[in-house]
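*Asks:*
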Amino acid sequence: MNAVDKKSAWRWLVVWGWVAVIFVCQGVWAGPRERVQEAVDSYVHAQGEGDPAVRKEGFRQAARLFKELLEEVDANADLYANLGAAALQGGDMGQAVLAFRRALLLDPGHERSRINLHHAREMLPSWVPRPVEEGVWDSFLSWWRVFSVAQRSAWGGVCFLLAAGGIAVAVRFGSLLARYVTLLPVLLWLLIVTQGFFAGEGVGHGVIIQEETLARAADSINAPASFANPLPAGTEVEVMDRREDWTRILLANGRNTWIRSSALAMTDTETGDKNH
-17 MNAVDKKSAW
-7 RWLVVWGWVA
3 VIFVCQGVWA
13 GPRERVQEAV
23 DSYVHAQGEG
33 DPAVRKEGFR
43 QAARLFKELL
53 EEVDANADLY
63 ANLGAAALQG
73 GDMGQAVLAF
83 RRALLLDPGH
93 ERSRINLHHA
103 REMLPSWVPR
113 PVEEGVWDSF
123 LSWWRVFSVA
133 QRSAWGGVCF
143 LLAAGGIAVA
153 VRFGSLLARY
163 VTLLPVLLWL
173 LIVTQGFFAG
183 EGVGHGVIIQ
193 EETLARAADS
203 INAPASFANP
213 LPAGTEVEVM
223 DRREDWTRIL
233 LANGRNTWIR
243 SSALAMTDTE
253 TGDKNH
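For the sequence shown, the numbering used here begins at -17 and goes up steadily by one.
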């Protein structure tokens, strides 16, 4: 092969290489959009079904598609809200409440998830304890738990250094402006410290996703039942302790009990199993 043929071959190799890259990129970029549309189409199709059994199975299929999608792409509140709506229509109360809680964790102001979560709570048996509606402080705590302990400590350290630096400048130069500006990092540092005292580290929130979960007085299969009725899927709890196969939970009415860890999914996907 002469020099001209080699040069021509390299040109064609480069051209076909770029063509292959373009097709691969199109597959990567178009994939999530196509899967979102597939899940939405499945949900819409289920809505049009007249047979209750077929309709319910259609919503469950849509929920499965949204769940698979969330395991592959960056999660957002809208996708979790869609998963929750499909799961709720499909009769999976645990996954529905879990999805709405995760949506609100990502976006505390997500109105659709807040309304649907309230509706899902109303569908639970009347004896199931329900969390009170979140206030401003609760919303802050929910948002704050998105960060890891190390990240929270780092933010606290940054605010403390800014506050200390601002105070030093204000004292050294007698600047009134520096005093006022320093108030912001001081308040943020106090807020972070206060959150650490009242929220408690290592405490998370979860949702029971297994139907008819038997709550026990201790972390043993032989321990007596804590309540007359099993806890239904969709029950929201605070996680107090985890011991291998058992988790100690706190219900919204202040009562604590033990359940199998496999029956629970954490609302924070960083501390829980994302496959739930």
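Glycine is no exception: its CB is placed at the ideal position from the N, C-alpha and C atoms.
The structure displayed is predicted, hence computed values, not measured ones.
For the 8 Å Cβ check, are there 3 or more pairs between the segment 59 to 72 and the segment 84 to 104?
*Replies:* The segment 59 to 72 is in contact with the segment 84 to 104.
*Asks:* Would you grab the beta carbon distance between residue 195 and residue 213 for me? Rounded to a whole angstrom, and I think it's under 8 Å.
*Replies:* Right, the Cβ-Cβ distance comes to about 5 Å (below 8 Å), so this counts as a contact.
*Asks:* Within its chain, find whatever has a CB closer than 7 Å to the CB of residue 61; leave out the 5 residues flanking it on each side and keep chain order.
*Replies:* For residue 61, where only same-chain residues beyond five positions count, the Cβ hits under 7 Å are 48, 51 and 52.
*Asks:* Here's the rule: buried if 16 or more other CB atoms are within 10 angstroms of the residue's CB, otherwise exposed. What is residue 204?
*Replies:* Exposed, because fewer than 16 other Cβ atoms sit within 10 Å of the Cβ of residue 204.
*Asks:* Measuring only the C-alpha atoms, how far is residue 92 from residue 199?
*Replies:* Going by the C-alpha atoms only, they are around 37 Å apart.
*Asks:* Note down, one range per segment and in chain order, each alpha helix (DSSP H) of at least 4 residues found wholly within the segment 61 to 125.
*Replies:* For the segment 61 to 125, whole alpha helix (DSSP H) runs of length 4 or above, ordered along the chain, are 75 to 88 and 93 to 105.
*Asks:* Check the C-beta distance from residue 175 over to residue 138 and give it rounded, since I have them as a contact under 8 Å.
*Replies:* Yes, residue 175 and residue 138 are in contact; Cβ-Cβ is about 7 Å, under 8 Å.
*Asks:* Among 42, 74 and 17, which has the Cα closest to the Cα of residue 54?
*Replies:* That would be 17, whose Cα lies nearest to the Cα of residue 54.
*Asks:* Buried or exposed, going by whether 16 or more other CB atoms sit within 10 Å of the CB of residue 210?
*Replies:* Classification for residue 210: exposed.
*Asks:* Rounded to whole angstroms, what's the CA-CA distance from residue 208 to residue 234? Just pull it up for me.
*Replies:* Going by the C-alpha atoms only, they are around 15 Å apart.
*Asks:* What is the DSSP secondary structure of residue 230, counted as helix, strand or coil?
*Replies:* Three-state DSSP puts residue 230 in a strand.
*Asks:* State the start and end residues of the unbroken alpha helix (DSSP H) segment that holds residue 246.
*Replies:* From DSSP, residue 246 is part of no alpha helix (DSSP H) but of the beta strand (DSSP E) over 246 to 248.
*Asks:* How should residue 171 be labelled, buried or exposed, when 16 other C-beta atoms within 10 angstroms of its C-beta is the threshold for buried?
*Replies:* Classification of residue 171: buried, given that the 10 Å Cβ count is 16 or more.
*Asks:* Please specify which runs of the beta strand (DSSP E), each continuous and at least 3 residues long, are wholly inside the segment 184 to 244, giving them in chain order.
*Replies:* Counting only runs of 3 or more, we get 186 to 190, 218 to 225, 228 to 232 and 238 to 242.
*Asks:* Quick one: Cα of residue 156 to Cα of residue 144, how far?
*Replies:* Whole-angstrom Cα-Cα distance: 17 Å.
*Asks:* Could you check what DSSP says for residue 156 in three-state terms: helix, strand or coil?
*Replies:* It is coil, neither helix nor strand.
*Asks:* Would a C-beta distance cut-off of 8 Å place residue 189 and residue 150 closer than the cut-off?
*Replies:* No, the pair does not count as a contact, with Cβ atoms beyond the cut-off.
*Asks:* What are the start and end residues of the alpha helix (DSSP H) that includes residue 40?
*Replies:* Run containing residue 40: 34 to 52, per the alpha helix (DSSP H) assignment.
*Asks:* Let's test the definition: count the other Cβ atoms within 10 Å of the Cβ of residue 97 and tell me whether it reaches 16, buried, or not, exposed.
*Replies:* Residue 97 comes out exposed.
*Asks:* Can you grab the Cα-Cα spacing for the pair residue 240 / residue 20, in whole Å?
*Replies:* Their backbone Cα atoms lie some 40 Å apart in a straight line.
*Asks:* Within this structure, are the beta carbons of residue 76 and residue 191 separated by less than 8 Å?
*Replies:* Yes, Cβ-Cβ distance for residue 76 and residue 191 is below 8 Å.
*Asks:* Under the assumption that residue 201 contacts residue 237 (Cβ atoms under 8 Å), give the Cβ distance between them as a whole number of angstroms.
*Replies:* Not quite, the Cβ-Cβ distance comes to about 16 Å (not below 8 Å), so this is no contact.
*Asks:* How many Å lie between residue 10 and residue 221 at the Cα?
*Replies:* Any reading at residue 10 must be qualified, since the residue scores a pLDDT of 38, below 50, and its modelled position is unreliable; the value itself is stated next. Each residue's alpha carbon lies about 38 Å from the other.
*Asks:* In whole angstroms, what separates the C-alpha of residue 249 from that of residue 154?
*Replies:* Residue 249 and residue 154: Cα-Cα distance of roughly 48 Å.
*Asks:* Just to check, is the beta-carbon of residue 159 closer than 7 Å to a non-hydrogen atom of the ligand FMN?
*Replies:* The ligand content of the structure shown is nil, which means the ligand FMN is not present either.
*Asks:* Apart from the five residues just before and just after residue 223, which ones in its own chain have a Cβ nearer than 6 Å to its Cβ?
*Replies:* Excluding positions up to five away in sequence, the list reads 230.
*Asks:* Hey, how far is the Cα of residue 34 from the Cα of residue 106?
*Replies:* Using only the alpha carbons, I get a separation of about 20 Å.
*Asks:* Whole angstroms is fine: what's the gap from residue 112's alpha carbon to residue 79's?
*Replies:* Cα to Cα, residue 112 sits roughly 12 Å from residue 79.
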